[in-house]
DNA sequence: AAGTGGTCTAGACCACCAT
DNA sequence: TGGTGGTCTAGACCACTTG
C-alpha cells in the first residue's frame, strides 16, 4: 500500500473520475453521483478542485450537474464523435478508447508563402514567410479518417523529423523547448470532395466533408501553424456540450 | 450620478467588459489590458469574479491570457462566424452586432413520432410520443441564412403561439414557467443541398452545407426538443477557441 | 426545512516571463 | 527579482428542488 501524501489536483481528479465513469464504477442505478460534500471527502479535495473537475467532465459531455437535484453521469455517445472543448490530444483520447489512429502517408516540403493552398483564417503573414508544408492521410481502425494539410512557420518550428510526421506532431512541438503552444482558433465549415480526395475516403466525388481549419498560436500570441482537416462526415461528427445560464 | 451600491457579478462584468472591448475603450496600443490587480480595483470585484469574466471573454475569442505576460484583446473576427461556447442567444449576439435576423416562413403542426424526418441524436423516445414540428426559413440582413427543422415534445411544451414562431422560440420557452432549459448537446456534420433547399439559399443542388443537430434537455435531464439546422457554409462558419494546457 | 448545486470572498502559494 | 497569470484553500451565502 502506497500512501497518498499530497492531495489530488484538478487534472489528476479529472483523470481518476473519467476512468471510474468509463468503468461504470461511479454513480448509482439512476446514474446519480454522490453529493459534492461526499465527493470532497471521498477524493480528499476541496470544493474548488472538485468543481473544477466536474466542470471539465461536464464540458466533455460525461456528466451533468442539475441545480438543486444532483450530479449525473450521462449516457455514452457513439465513440466516433470528436468532443470539441477537449483539454487533451485527439490521439490521446482515441487511444484511451482503444482506437488505433495511423498515419498512412506523410509528405513534407518547404515552400514560400505564395505556394500555400490556403492562408490562416485569422491573421496576416509577411509575404516573405517560409512555410513547411505537411500533408498527411490518417486512418482510424484502418478506415479512412482524416485528410490533413498543415503549414508551419519555418522560422519558428524548424524542420520536422520523419518519425514525428508519423506520430503526434503536437507532442513533437511540445517537446521543443522553444515552442510554447498557447491557444488554437478553429473554424468549422463544410465542403465537397474533389476526385483525388474522394479516392482516399472511398467516397464519390461531390460527397460532403466536414472541414476544420485551425490557427495555432504560441503563448506569446504569435502564430506558428495553420492547417485544414477534412473529415468523412459519415463516420465522424463533432460534439459539443452547452450548459444554459 | 447614481452610485454603485452593490458590486458587479460575473454576468454584469462580462457585459461591461464586452461593451468596452467592442468600443475599443480597453487595452493600450499593443492591446494589452491592465493587470488583474488593477482590473479588480477598477471594476471593484474580487479576483474570483474577475477571472470568471476573463475566462468567459476568452472562450468567446475576445481576449487571451498569457501566463507571466498579461491579458490581451484579440483582433476581431469576421462578423458572420457563430461562436460556439456562447452563453447567450444567437439572436441576441447578432443584434448586438447590428445584424438583422428575420424569419421569412414558419410552419407548425403536430405529428406522431413516426412522421418525424429525423430523431434525436443522443436518446430514445417512446413510440407514442407526439411532436410539434416547426420548420423555419431565416435570413440575416436579408440574405438566406439558416434552414431550420425542430421538434418539440408536445407533452412538455404545448402549442406555440404564432408570434413566437417568428421571434425567438427560445425566449418563449424560457418564459413558460414549466420549462427550465438545462443543457444542449450539439452534433456538427456536413451534407449537400437537395433541390428544394438549394432554392432558398440561391445555391445549386449538391452544394455543401453545415449541419448542426441539437438535443435540448430540461434541467431535470429530460429531452424536450431536438432540431436540425442547415447553414450556408459560404457565408457562415462556426468558431471555437481552445486554450492549451 | 433540508439538501442540492451556484456564486462569491479573502487570502495563500505556485509557475512563468521579464530584467 | 518583481510582476504576471494559474491554482488552491476554507469558508460564507444564495438559488433551486423536494418533502
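Protein chains in written order, with the working numbering: chain A, 1 to 245; chain B, 246 to 490.
No residue lacks a Cβ here, since even glycine has one placed at the ideal position from N, Cα and C.
These numbers come from a predicted model, not from an experiment.
Among the CB atoms of chain A, one or more fall inside 9 Å of the CB of residue 465 of chain B. By the CB criterion at 9 Å, residue 119 of chain A and residue 154 of chain A fall outside the cutoff. The C-beta of residue 342 of chain B comes no closer than 9 Å to any C-beta of chain A. Burial is judged here by how many other beta carbons sit within 10 angstroms of a residue's own beta carbon; residue 362 of chain B has fewer than 16 and is exposed. With a contact defined as Cβ atoms closer than 8 Å, residue 309 of chain B and residue 221 of chain A qualify at about 7 Å.
Interface annotation for the region 460–486 of chain B against chain A: 464, 465, 466, 478, 482, 483, 484, 485 and 486, criterion Cβ-Cβ distance under 7 Å. The beta carbon of residue 243 of chain A falls within 9 Å of a beta carbon belonging to chain B, placing the residue at that interface. Note on residue 441 of chain B: under 16 other CB atoms within 10 angstroms of its CB, so exposed under the neighbour-count rule. Per DSSP, residue 258 of chain B is not a residue of any beta strand (DSSP E); the alpha helix (DSSP H) it occupies stretches across 255–267. Straight across, the Cα-Cα distance linking residue 432 of chain B with residue 458 of chain B is about 5 Å. In this structure, residue 226 of chain A sits away from residue 179 of chain A, with a CB-CB distance that is not shorter than 9 Å. Per DSSP, residue 36 of chain A is not a residue of any beta strand (DSSP E); the alpha helix (DSSP H) it occupies stretches across 36–43. Residue nearest to residue 168 of chain A within the set A:140, A:239, A:238 and A:89 is A:89 (criterion: CA-CA distance).
Residue 57 of chain A and residue 305 of chain B have their alpha carbons spaced roughly 20 Å apart.
Neighbourhood of residue 194 of chain A in chain B, by CB distance below 7 Å: empty, with the nearest CB roughly 12 Å away. For residue 216 of chain A, the enclosing beta strand (DSSP E) covers residues 208–218. The region 274–288 of chain B makes no contact with the region 443–450 of chain B; the number of CB pairs closer than 8 Å stays below 3.
Under the three-state reduction of DSSP output, residue 162 of chain A falls in the helix class. Residue 133 of chain A has A:109 and A:151 as its beta-bridge partners, per DSSP. Straight through space, the alpha carbons of residue 314 of chain B and residue 181 of chain A are spaced by roughly 14 Å. Spanning the alpha carbons of residue 258 of chain B and residue 359 of chain B requires a straight line of approximately 47 Å.
Within chain B, no C-beta atom comes less than 8 Å from the C-beta of residue 17 of chain A; the nearest is roughly 19 Å away. Take residue 82 of chain A, set aside five residues on each side of it, and the residues of its chain with a beta-carbon closer than 6 Å to its own are 238, in chain order.
Taken through DSSP and simplified to helix, strand or coil, residue 116 of chain A comes out as coil. Residue nearest to residue 271 of chain B within the set B:291, B:281 and B:318 is B:318 (criterion: CA-CA distance). Cβ neighbours of residue 434 of chain B within its own chain (closer than 6 Å, five residues either side excluded): 456. Listed along chain A, the residues sitting closer than 7 Å to residue 434 of chain B by beta-carbon distance are 210, 233 and 237. In the structure shown, residue 304 of chain B falls within a helical segment according to DSSP collapsed to helix, strand and coil. Below the 9 Å Cβ cutoff, chain A contributes no neighbours of residue 445 of chain B, its closest Cβ being approximately 16 Å away.
Residue 384 of chain B sits close to residue 346 of chain B, with the two beta carbons spaced by under 9 Å. Nearest C-alpha to residue 35 of chain A among A:76, A:92, A:50 and A:77: A:50.
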